[in-house]
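This report refers to the structure that appears directly beneath it.
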Amino acid sequence: MPKLVGALGIALALGACTEENRYYQPEPLLSDECRRGEEVTETFDDFESPDALDILVVVDNTADMERAQEAFADAVPDFLEGIAERGISLRLGVITTDANLPAGLANPGTQRAGCAQNTGAFADSESPGDWTRVAACNSVRTDAGTPRQQALSAIKRNLVDQPDALSEFLRPRARLLLLVLSNEDDCSSDAPYRPSGQSARDQCAKKADELDDIAEWVTSVRAQSITEEGVALAVLSGPPSDQYDGANGTLRPVCQGTFGPAYPANRLWQAAGLMGPFGLFQSLCTDTIAYNLSTIADALVAPAPLTLCPSERLVHEPLDVSLMGADASVRSIPLGESGFLYSGASGACTNGAVRISPSVLTGVEAVEMRYCVDKGD
Numbered sequence: 005m006p007k008l009v010g011a012l013g014i015a016l017a018l019g020a021c022t023e024e025n026r027y028y029q030p031e032p033l034l035s036d037e038c039r040r041g042e043e044v045t046e047t048f049d050d051f052e053s054p055d056a057l058d059i060l061v062v063v064d065n066t067a068d069m070e071r072a073q074e075a076f077a078d079a080v081p082d083f084l085e086g087i088a089e090r091g092i093s094l095r096l097g098v099i100t101t102d103a104n105l106p107a108g109l110a111n112p113g114t115q116r117a118g119c120a121q122n123t124g125a126f127a128d129s130e131s132p133g134d135w136t137r138v139a140a141c142n143s144v145r146t147d148a149g150t151p152r153q154q155a156l157s158a159i160k161r162n163l164v165d166q167p168d169a170l171s172e173f174l175r176p177r178a179r180l181l182l183l184v185l186s187n188e189d190d191c192s193s194d195a196p197y198r199p200s201g202q203s204a205r206d207q208c209a210k211k212a213d214e215l216d217d218i219a220e221w222v223t224s225v226r227a228q229s230i231t232e233e234g235v236a237l238a239v240l241s242g243p244p245s246d247q248y249d250g251a252n253g254t255l256r257p258v259c260q261g262t263f264g265p266a267y268p269a270n271r272l273w274q275a276a277g278l279m280g281p282f283g284l285f286q287s288l289c290t291d292t293i294a295y296n297l298s299t300i301a302d303a304l305v306a307p308a309p310l311t312l313c314p315s316e317r318l319v320h321e322p323l324d325v326s327l328m329g330a331d332a333s334v335r336s337i338p339l340g341e342s343g344f345l346y347s348g349a350s351g352a353c354t355n356g357a358v359r360i361s362p363s364v365l366t367g368v369e370a371v372e373m374r375y376c377v378d379k380g381d
């Protein structure tokens, strides 16, 4: 009896293969012609490549950050090597939260043990030698900077106000990761700092409503990138909390951890949140920074899709998306997860967003897109 059932099952299965399966879902096919409107062709040759990343570390260089800086420097080589193993070309440069310093990268770090001979302005994965050691050396900046922390102001000055200051470091086709390391909040403001009986952090907490607008900062920084994925923000600081004691005019630490006290970084937390999927806040109330850096790598560093925003409004998915390589090769990619996805209009792409899988972008110099527009719109 079992043999008869088995034979019957095989016969039914073979019979099913000879008939059309109405439940079969083939790969989506692109139309050769516009279903509406008329065809246009657009070439994109200016975008951030998923396989190139510049990391700008913004280090709180006050004296009480020494332990945190050393722990960061210990963890950064593995962090960078792990990213490089994903096929990403890397650079890492350092600025500080001291807004009194001129724009541009900090001088080569020589304060860390074994770094006395360091002359590297920034770490570069394509340079010969121990490039991750340069990153570790430059991350230790315990040179007693001003007690007023202005991480956001320092970033804006280097990226928006004086973009030429980082011209030798930033690559035009690389994504940018801003990584802030501080044990207290941002205090960016045009108002001069006047030392008094209160500490700088207490003064800033008291006048938080008078500091630079966070939403405006996010808008100005994101405007420096070409694509949605072009710039990201990671913050490693004290978690947000209401720790200001108005009666005594003091800001209490939110934790007393391995690296000393950490104070609530409400403004930095808000900035990371306003970056949406390209922002991440990590708590400095920890006993190891390696885990935080691993989380940052997974969330913000892994090759991301490339989002292109056509200059004219699409009426439906593109007719064709072709990739042009450095070797002059041209190949079309399919509609789907392994090629490209069309997600319609968005806040960042009002004419319609086309997202290309990072798996097909290695060595791509330009993207050509054929799509349909309604000239009557």
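Residue 147 in the working numbering sits at position 143 of the sequence shown, with consecutive numbering throughout.
Cβ coordinates follow ideal geometry from the N, Cα and C atoms, glycine included.
Inset, instruction - Determine the contact status of L180 and L60, defining contact as a CB-CB distance below 8 Å. - result: Contact flag set, yes.
Inset, instruction - Label R335 either buried or exposed according to how many other C-beta atoms from any shown protein chain fall within 10 Å of its C-beta, with 16 as the threshold for buried. - result: R335 is exposed by the Cβ-count criterion.
Legend entry - Extent of the continuous beta strand (DSSP E) run through D82: In the DSSP assignment, D82 falls outside any beta strand (DSSP E) and lies within the alpha helix (DSSP H) extending over 70-88.
Inset, instruction - Let me know if V184 comes out buried or exposed under the rule of 16 or more other beta-carbons within 10 Å of its beta-carbon. - result: V184 is buried by the Cβ-count criterion.
Inset, instruction - Find the nearest neighbour of D78 within the set A88, L94, N142, judged by alpha-carbon distance. - result: In terms of CA proximity to D78, N142 leads the group A88, L94, N142.
Inset, instruction - Identify which residue in E52, G264, E188, I230 has its Cα closest to the Cα of L255. - result: When only C-alpha atoms are compared, the closest one is E188.
Inset, instruction - Whole angstroms is fine: what's the gap from A349's alpha carbon to V371's? - result: As the crow flies, the alpha-carbon of A349 is around 19 Å from that of V371.
Inset, instruction - Could you round the C-beta distance between V305 and L57 to whole angstroms and report it? I think they count as a contact, below 8 Å. - result: Contact check for V305 and L57: beta-carbon distance about 6 Å, within the 8 Å limit, so the pair qualifies.
Legend entry - Identity of the residues DSSP links to D64 by a beta bridge: D64 pairs with nothing; no bridge assigned.
Legend entry - the segment 315-329 contacting the segment 288-304, beta-carbon criterion three pairs below 8 Å: Taking 8 Å as the limit for Cβ pairs, the verdict is that the segment 288-304 does not touch the segment 315-329.
Legend entry - Segment contact flag, the segment 103-113 with the segment 45-57, C-beta cutoff 8 Å, min 3 pairs: Judged by Cβ distances under 8 Å, the segment 103-113 makes no contact with the segment 45-57, as fewer than three pairs qualify.
Legend entry - M279 versus E233, L365, T354, G367, residue with shortest Cα-Cα distance: The shortest Cα separation from M279 among E233, L365, T354, G367 belongs to E233.
Legend entry - Cβ pair P281, Y267 closer than 8 Å: The answer is no: Cβ separation not under 8 Å.
Inset, instruction - Please name the residue in I99, A169, S157 whose C-alpha comes closest to that of D147. - result: The residue with the shortest Cα to Cα distance from D147 is I99.
Legend entry - Buried versus exposed, by CB contacts within 10 Å (16 or more), N252: That one is exposed.
Inset, instruction - Report the three-state DSSP secondary structure of P314 (helix, strand or coil). - result: Of the three classes helix, strand and coil, the one that applies to P314 here is coil, per DSSP.
Inset, instruction - Excluding the 5 residues preceding and the 5 following C259 in the sequence, name in chain order all residues of the same chain whose CB lies nearer than 6 Å to its CB. - result: Excluding positions up to five away in sequence, the list reads A266, C289.
Inset, instruction - Assign E43 to one of two classes, buried (16 or more other C-beta atoms within 10 Å of its C-beta) or exposed (fewer than that). - result: Sixteen is the threshold: since fewer than 16 other Cβ atoms of the shown chains lie within 10 Å of the Cβ of E43, the residue is exposed.
Inset, instruction - Give the straight-line distance between the Cα atoms of P244 and G277, rounded to the nearest whole angstrom. - result: Pairing P244 with G277, the inter-Cα distance amounts to about 12 Å.
Inset, instruction - Can you have a look at G118 and say buried or exposed, based on whether 16 or more other CB atoms are within 10 angstroms of its CB? - result: With fewer than 16 other beta carbons inside 10 angstroms of its own, G118 counts as exposed.
Legend entry - Cβ-based burial, D128 [other Cβ within 10 Å; buried from 16]: With a threshold of 16 other beta carbon atoms within 10 Å, D128 meets it and is buried.
Inset, instruction - Note the first and the last residue of the continuous alpha helix (DSSP H) segment covering F136. - result: The question names Phe, yet the displayed sequence has Thr at residue 136. Run containing T136: 135-143, per the alpha helix (DSSP H) assignment.
Legend entry - Completely contained alpha helix (DSSP H) runs for the segment 264-327, where each covers 4 or more residues: Within the segment 264-327, the complete alpha helix (DSSP H) runs of at least 4 residues are 270-278, 294-300.
Inset, instruction - Specify the secondary structure class of P196 as computed by DSSP and reduced to three states. - result: Of the three classes helix, strand and coil, the one that applies to P196 here is coil, per DSSP.
Inset, instruction - Given a cut-off of 8 Å, decide if V144 and E220 are closer than it, judged by their beta-carbon atoms. - result: No.
Legend entry - Cα-Cα separation between D249 and D213, rounded to whole angstroms: If you take the alpha carbons of D249 and D213, they lie about 16 Å apart.
Legend entry - Own chain partners of D378 with C-beta closer than 7 Å, once the 5 adjacent residues on each side are dropped: Closer than 7 Å at the Cβ level, and outside the excluded window around D378, lie R40, G41, V319.
Inset, instruction - Please name the residue or residues paired with S53 in a DSSP beta bridge. - result: S53 is bridged to A178.
Legend entry - Integer-rounded CB distance, given that P54 should sit under 8 Å from L365: Contact holds; Cβ gap of about 5 Å.
Legend entry - Neighbourhood of G10 by C-beta distance below 7 Å, restricted to the same chain and skipping five residues each side: Note that G10 scores a pLDDT of 43, beneath 50, so its modelled location is shaky; the value from the coordinates is reported in the next line. No residues qualify anywhere along the chain.
Legend entry - Collapsed DSSP secondary structure at A357 in the structure displayed: In the three-state reduction of the DSSP assignment, A357 falls in the strand class.
Inset, instruction - Could you check which residue in S157, E70, P167 has the C-alpha nearest to that of L215? - result: For the residues S157, E70, P167, the minimum Cα distance to L215 belongs to S157.
Inset, instruction - Using the Cα positions of P30 and E341, report the straight-line distance between them to the nearest angstrom. - result: Low local confidence applies: a pLDDT of 46 at P30 is under 50, so the model's placement there is unreliable, and no value is given.
Legend entry - Within-8 Å CB hit, G133 to chain B: Among the protein chains of the structure shown there is no chain B, as only one such chain exists.
Legend entry - Beta-bridge partners of E43, as assigned by DSSP: The partner list for E43 (beta bridge, DSSP) reads C376.
Inset, instruction - Would you mind stating whether L310 and R359 have Cβ atoms separated by less than 8 Å? - result: Result yes, Cβ atoms of L310 and R359 sit closer than 8 Å.
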